[in-house]
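Participant: Position in the sequence shown (first residue = 1) + 46 = my numbering.
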Amino acid sequence: MSLYAISDLHLSFGIPEKTMTIFNGWKDYHERIRKNWLELIKPDDTVVIAGDFCWGMTLKESTADFEFLNSLTGNKILVKGNHDYWWTTQNKVKKFFDENNFSNLNLLHNNHFKYENYGICGTRGWINMPDEPADAKVLAREAGRLETSILSALSENLEPIVFMHYPPIFESSFNYDILDILYKYKIKKCFYGHIHGKGHASAVQGIYDGIDFRLISSDFLQFIPYKIL
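#1: If you compare alpha carbons, which of G165, E145, R260, H129 is closest to W172?
#2: I'd like the list of long-range same chain contacts for Y212, defined as Cβ closer than 7 Å, with 5 residues on each side in sequence excluded.
#3: Y231 and I196: beta carbons closer than 8 Å?
#4: Nearest by alpha-carbon distance to R187: which of I61, I224, N147, K234 is it?
#5: Which term fits Y229, buried or exposed, when burial requires 16 or more other beta carbons within 10 angstroms of its beta carbon?
#6: What does I257 pair with, by DSSP beta-bridge criteria?
#7: Kindly confirm or deny that the stretch 65-79 and the stretch 258-269 touch, where touching means at least three C-beta pairs closer than 8 Å.
#8: Find out if the Cβ-Cβ distance for the pair F148, G127 is shorter than 8 Å.
#9: With H, G and I counted as helix, E and B as strand and the rest as coil, what does DSSP make of Y50?
#10: Distance, Cα to Cα, R205 vs S58?
#11: Take the Cβ of L151 as the centre, count every other Cβ of all protein chains shown within 10 Å, and call the residue buried at 16 or more, exposed below.
#12: For Y212, which beta-bridge partners are listed by DSSP?
#13: Which one of I257, E217, N137 has the shortest CA to CA distance from V208?
#14: Between the C-alpha atoms of S218 and L105, what's the straight-line distance to the nearest angstrom?
#15: Take I61 as the anchor and find which of D226, T109, D91, F69 has the nearest alpha-carbon.
#16: Exposed or buried, what is N137 when buried is set at 16 or more other beta-carbons lying within 10 Å of its beta-carbon?
#17: What would DSSP say about K64, mapped onto helix, strand or coil?
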C-alpha cells in the first residue's frame, strides 16, 4: 500500500473543446495519464489529486471525467483547485458520488484521511494579494480550513502531510497566511500544483525553512503520479 500524489489533470471528457492538447507537452495526455496510472497504481494504493481535476463547470458536465477517474486503480482523495467549478457542497458531491457508484473518490475539505501513521491534510489555498480586501478574506478562510484539517489529523495523533493547489511560495512571493500555519504545526512535507509550463523553473523544490516542498502538476511530472510513501 503506497501513497502517491498528482495535480492538474485537467480532464476534458465532459467538455472536449477545453482539451489541453493545444499546449506544449500535453499531447495525448488523457491516454498518458491512463497508461502511467495503471502501470504504477495498485488497487490498495492512495492517490491525492491536488486540484484542477477537470474542466466541467457542473457535476453533470463532469460525469464523464469522474467515470474515467473512478475506473482507475486505487483510492482517490480530491483537493479543490481554482478550476474545479463542479465542487459545490460536500453533501451534494457525496450524493453525486453515491448515485453514480463512484466508490473510490473522496473529498479533502476541513477533514483528514488516515494513511498509516500520517494524516493527509490540505485545502485549495489562494493567491498572495493581502492588500486586496476580497482576496484577503478568501486567503484567511483558506488558512482556517488548512488549520482545521491539520488539527483533525493531530486529534488522532497522526503526523500531517499537507496537499494544496496553490503554492505557498512562488518566486519571491510568500503566502504567510498559509506558511504561518505550516510553521505553527511543524509541517515537514507540503505538495502543491497550479504551476505549468515555464513556471516550473520558478517552483520551490526541496527543503525551505524546514519544509520539503514539492510541485506535483501533472505536466511537470510527465503525467506520472509522484510516490510519497
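Beta carbons are placed, not taken as given, at the ideal position from N, Cα and C, and that holds for glycine.
Note that the structure is predicted; figures quoted are calculated from it, not measured.
Facilitator: The structure says:
#1: Residue 172 sits at position 126 when you count from the first residue of the sequence shown. Nearest option by C-alpha distance: H129.
#2: Against the sequence shown, residue 212 aligns to sequence position 166. The residues are R170, G171, W172, I173, Y238, H240.
#3: The residue given as residue 231 occupies position 185 in the sequence shown. The residue given as residue 196 occupies position 150 in the sequence shown. Taking 8 Å as the Cβ cut-off, Y231 and I196 qualify as a contacting pair.
#4: On the sequence shown, residue 187 is found 141 positions in, with the first residue counted as 1. When each option's Cα is compared against that of R187, the closest is I224.
#5: As a first step, residue 229 is located in the sequence shown; it is residue number 183 there, counting from the start. That one is exposed.
#6: Along the sequence shown, one-based indexing puts residue 257 at 211. Beta-bridge pairing links I257 to Y254.
#7: yes
#8: As a working mapping, residue 148 is identified with position 102 in the sequence shown. As a working mapping, residue 127 is identified with position 81 in the sequence shown. No, Cβ-Cβ distance for F148 and G127 is not below 8 Å.
#9: Against the sequence shown, residue 50 aligns to sequence position 4. Correct three-state label for Y50: strand.
#10: If you number the sequence shown from 1, residue 205 lands on position 159. If you number the sequence shown from 1, residue 58 lands on position 12. According to the sequence provided, residue 205 is Glu. The question's Arg does not apply to it. Taking the straight line from one Cα to the other gives about 35 Å.
#11: As a first step, residue 151 must be located in the sequence shown, where it is residue number 105. Buried: at least 16 other Cβ atoms inside 10 Å.
#12: Counting from one through the sequence shown, the residue named residue 212 turns up at place 166. DSSP, once it has assigned bridges, lists no residue as partnering Y212.
#13: Numbered from its first residue, the sequence shown carries residue 208 at position 162. Checking every option, the nearest Cα to that of V208 belongs to I257.
#14: Start at 1 with the first residue of the sequence shown, and residue 218 comes out as number 172. Start at 1 with the first residue of the sequence shown, and residue 105 comes out as number 59. Those two C-alpha atoms are separated by around 37 Å.
#15: To locate residue 61, count along the sequence shown from 1; it is residue 15. Comparing Cα positions, the closest option is T109.
#16: Position 91 of the sequence shown, counting from 1, holds the residue named residue 137. It is exposed - the Cβ of N137 has fewer than 16 other Cβ atoms within 10 Å.
#17: In the sequence shown, residue 64 corresponds to position 18, counting from 1. In the structure shown, K64 sits in a helix (DSSP, three-state: H, G or I).
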